[in-house]
Each structure stands twice: as C-alpha cells, then as structure tokens.
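S.K.:
Put into structure tokens, the structure is as follows:
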C-alpha cells in the first residue's frame, strides 16, 4: 500500500527539475503491511487480519485489547468542521497561484495546440498553505473526509518523510479476478475529464447539459482514446463500457468514462508501470504533452522546470492475491517533512489542481475550473 509520484511515470523529464525538498524523497513509497485493523462502515464492525505465518498469539492478544478498550465509532459531531478550530486565528497563511502567470501558461498551451504539437494539455498549478506544527495531519483528514469532501477514494497515508490527505473521486486503475472465471484477470480505468460546480443550485439535468458540450466531450474522448492506446498491448480486447456519464459528488459533477479489458500474458503491475502518469493528468499524445508541460508549468515560478511531486500521481494498494486499486492523486493535500519552505514555526502543505486545455478553451473559464478544484480540498480551512 502506498503512493507513486507524478515523476515516477514514464516519459517524465527529471533533468534539472527543481526539487520541492532539501533531501531526496523517493517517488515510489510502498509499505508491505502484514497486520490490519479493519472497520466496515456498513456493518459498523471491526476485524483483525494477519497474513503472517503462525500469528494466532498476536491476533488473540490484540483482539482482547480491542474488546477491553471499547473503541468508539467516529462520529461527524466529534470532528471539528474547520482547521480554524485547531489553531489561533491568523496563523493559517495561503500562497495562491498567480493569475498573470497562469495566463502566460494558458497562452503557451494555446500556441502549442495551434501548432499541432498536442491536442490537449492538462495544465496544473499548486497552492501552498503554511500552518503551525500544532495542527495534526490526522485531524485535518477527518475534517476533509467527514465534513468537507467525502469521496470514494479518500485515503490517509503518513510516511516518515511525507503525508497525503486524499479525497480523490477518480479511479486510475484496478485489476481483479473476473467475477465469472476466477482464472482470468480484468482491469478497469475510470478517467475524469469535465467538471462543473455542485453548489445545490444545479440539478443533475442541468449538469448534463453543461457537461455534454463539444469542448467537455472532446476532452474526455481524447483521454479515453489515449487510455485505450496505453491498455491495448496488455489486454485481449479494450471495452469502453461507459462513455461520458455524469456522476455527482459533494462539491462537483464530473464527466466519467470507464475502460475495461481482460489481461493477456501480462500482470496488472506491468499495466500500471506503463500507464503512469495518468493520462487524465497529462494530455494527448501523452509523451509529447508531458514534454511540453515540463516547460510550460515552470513559467509559474520563473525557472527551467519544477516537480509536481505527489500531486497527479497515484495512491492505492496491491494485495498478495494480486488484486489492486489505484486512484489519481487529485483533490488532495500533501506535505513533505523536508519541504524547502518549512520553517521552525510552520509546516507547508500543498494542493494541486489543473484542467485540460484545448483549442476550444477559454482562459477565464479554465481559471475558474482550476479554482473550483482547488476549493475541494481548500474547504477544510473555511
């Protein structure tokens, strides 16, 4: 279980890329977990699991401790509704993306699009938040997951040198046994391209009309084609089982497609390695789009290049039964222990956001969409 950064992906350029941290942080962070404490939110039951040999003594001892401890189920009413309740007023500082720098990046994208260098470029940026060290990551995650942006691929991952608080709505890739023939493995990808705000005033029908436009549908279709190309060498047949369906989440409506296939003479990990970084976070064609974004996104900070880091990579698990599920790291906050902008008094957290730029894109509309995506995770401070 763990995370894989954007920079671990195929075709990503690292030469002279500015690091976020004083020390090197591995782009692949995975833990082999042998003991689990599992809570089923549907049944409200706890379970212990171990995959270690002859581990019954631990299971017995720990289960007795659990019974005696009377672990309370986490209730929304027990969790603060904002990070502002966890520290003194005025101690939270925000460094928002620069609008003029974004305009120059957008223009650079349009230049390449009109030159035929790419059909679609996923332009991203990052917001930085400075907090006192008294604010704990787990408390922030509870606010995110319970109050502000509950999502199907929410996750909390704390490593020795980095922390991820994810409220991702997007599955990148899963592989599992076929439900009919357990000897077969099937893979599924669920790219998201197309976003509209869900503020209570927009109905599902209205979202359908807003998202089913030539621009939004074109963005989604290009990524579907890119993923079909990535998947084709590994499966017997690529099947688009759902094309551009509208899904509702707490803060947004999204345009989602589903691509499936049966693995053929390959394993899921090979598909993962060859498909990173996620196509929905790069553009089409993928390799050339990654090269262009490498330089375009550097315009935000006025240097040759910069790293995205954990943002727009993937997070998930791979089980000993060879089943896995990975989500795209979006709508998330992340922190590096050795971030260059940390100080003795403050820790720096980052939120990434972006959107697909095509020749049909409007700069103001793209800025608004990017800001909307930032707000999904930013809500924990309101």
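Numbering (the UniProt record's numbering), first residue to last: 1 to 382. Idealized CB from N, CA, C, for every residue including glycine. Source: prediction; values computed, not measured.
(1) Give the DSSP-derived three-state secondary structure of residue 157 in the structure shown.
(2) Does the distance from the CB of residue 87 to the CB of residue 132 come in under 8 Å?
(3) With DSSP as the reference, label residue 244 as helix, strand or coil.
(4) Enumerate in chain order the residues of its own chain whose CB-to-CB distance from residue 238 is below 7 Å, with the five nearest sequence positions on each side excluded.
(5) Could you tell me the distance, in whole angstroms, from the CA atom of residue 251 to the CA atom of residue 167?
(6) Check each candidate in 219, 212, 273, 186 and name the one with the smallest Cα separation from residue 235.
(7) Considering Cα atoms alone, identify which of 137, 109, 106 is closest to residue 347.
(8) Would you mind stating whether residue 1 and residue 38 have Cβ atoms separated by less than 8 Å?
(9) I want to know whether the segment 349-361 touches the segment 108-127 - three or more CB-CB distances under 8 Å.
(10) Spell out a yes or no on whether the segment 160-179 and the segment 327-337 are touching, meaning 3 or more CB-CB pairs, one atom from each, closer than 8 Å.
(11) What are the boundary residues of the beta strand (DSSP E) that includes residue 162?
(12) How would you write the range of the alpha helix (DSSP H) that residue 87 sits in, first residue to last?
(13) Quick check: the Cα distance between residue 247 and residue 48, rounded to an integer number of angstroms?
(14) In chain order, which continuous runs of the alpha helix (DSSP H) of length 4 or greater are located wholly inside the segment 334-368?
(15) For residue 67, count neighbouring Cβ atoms within 10 angstroms of its own Cβ and tell me buried if that reaches 16, exposed if not.
(16) Could you tell me the alpha carbon to alpha carbon distance between residue 43 and residue 75, rounded to whole angstroms?
(17) Taking only the alpha-carbon atoms, compute the straight-line gap between residue 221 and residue 275 and give it to the nearest angstrom.
(18) Helix, strand or coil for residue 25, going by three-state DSSP, please let me know.
(19) To which residues of the same chain is residue 4 closer than 6 Å at the C-beta, ignoring the five residues directly before and after it?
(20) Less than 8 Å between the C-beta atoms of residue 298 and residue 307, yes or no?
(21) Grouping DSSP H, G and I as helix and E and B as strand, with all else coil, what is residue 60?
(22) Does residue 2 come out as helix, strand or coil in the three-state DSSP assignment?
(23) Short of 7 Å in beta carbon distance, which residues of its chain neighbour residue 336, apart from the five on each side in sequence? Order them along the chain.
(24) Hey, out of 211, 287, 127, 352, whose CA is closest to residue 10's CA?
(25) Which class does residue 235 belong to by DSSP, given the choice of helix, strand or coil?
(26) Here's the rule: buried if 16 or more other CB atoms are within 10 angstroms of the residue's CB, otherwise exposed. What is residue 145?
(27) For the putative contact between residue 195 and residue 372, defined by C-beta atoms under 8 Å, what is the C-beta separation to the nearest angstrom?
(28) Run the CB neighbour count on residue 316, radius 10 Å, all protein chains shown included, and call it buried at 16 or more, exposed below.
(29) When the Cα atoms are used, what is the spatial distance from residue 211 to residue 255?
(30) Which one of 266, 176, 280, 53 has the shortest CA to CA distance from residue 218?
(31) May I have the straight-line CA-CA distance separating residue 367 from residue 41, to the nearest angstrom?
(32) Just the C-alpha distance for residue 343 and residue 130, rounded to the nearest angstrom, thanks.
(33) What is the rounded straight-line gap between the Cα of residue 193 and the Cα of residue 63?
(34) On the DSSP bridge assignment, give the partners of residue 50 in chain order.
(35) Rounded to whole angstroms, how far is the Cβ of residue 104 from the Cβ of residue 381, which I believe are closer than 8 Å?
(36) So what does residue 138 bridge to, in DSSP terms?
M.R.: Let's see:
(1) If DSSP states are grouped into helix, strand and coil, residue 157 belongs with the strands.
(2) Yes, these two residues count as a Cβ contact at 8 Å.
(3) Residue state, collapsed to three classes: strand.
(4) Here the set comprises 228, 231, 232, 259, 261.
(5) Taken atom to atom, the span from the alpha-carbon of residue 251 to that of residue 167 is near 11 Å.
(6) Of 219, 212, 273, 186, the smallest CA-CA separation from residue 235 is found for 186.
(7) Just measuring C-alpha positions, the residue of 137, 109, 106 sitting nearest residue 347 is 137.
(8) Taking a C-beta distance under 8 Å as the contact criterion, residue 1 and residue 38 do not qualify as a contact pair.
(9) At 8 Å Cβ cutoff, the stretches touch.
(10) Contact between the segment 160-179 and the segment 327-337 is present, with at least three C-beta pairs closer than 8 Å.
(11) 162-168 is the extent of the beta strand (DSSP E) around residue 162.
(12) Run containing residue 87: none; DSSP gives neither H nor E here.
(13) If I take the Cα positions, the gap works out to 34 Å.
(14) Within the segment 334-368, no complete alpha helix (DSSP H) run reaches 4 residues.
(15) Answer is exposed; the Cβ neighbour count stays below 16.
(16) So the alpha carbons of these two residues sit roughly 15 Å apart.
(17) One C-alpha to the other measures close to 17 Å.
(18) The answer is coil: DSSP assigns residue 25 none of H, G, I, E or B.
(19) Non-local C-beta neighbours of residue 4 in its own chain, meaning closer than 6 Å and more than five positions away in sequence, comprise 28, 313, 314, ordered along the chain.
(20) Not a contact, by the Cβ cut-off of 8 Å.
(21) Note: residue 60 maps to helix in three-state DSSP.
(22) Here residue 2 sits in strand by DSSP.
(23) These residues qualify, in order along the chain: 20, 21, 25, 161, 162.
(24) Nearest option by C-alpha distance: 287.
(25) Of the three classes helix, strand and coil, the one that applies to residue 235 here is strand, per DSSP.
(26) Answer is buried; the Cβ neighbour count reaches 16.
(27) The C-beta distance from residue 195 to residue 372 rounds to 7 Å, short enough to fall under 8 Å.
(28) The C-beta of residue 316 has 16 or more other C-beta atoms within 10 Å across all chains shown, which makes the residue buried.
(29) Their Cα atoms are separated by approximately 7 Å.
(30) Nearest to residue 218 by C-alpha distance, out of 266, 176, 280, 53, is 280.
(31) About 37 Å.
(32) Rounded to whole angstroms, residue 343 to residue 130 spans 9 Å at the Cα level.
(33) Each residue's alpha carbon lies about 45 Å from the other.
(34) According to DSSP, residue 50 bridges with 35.
(35) Residue 104 to residue 381, Cβ: 28 Å. No contact.
(36) DSSP, once it has assigned bridges, lists no residue as partnering residue 138.
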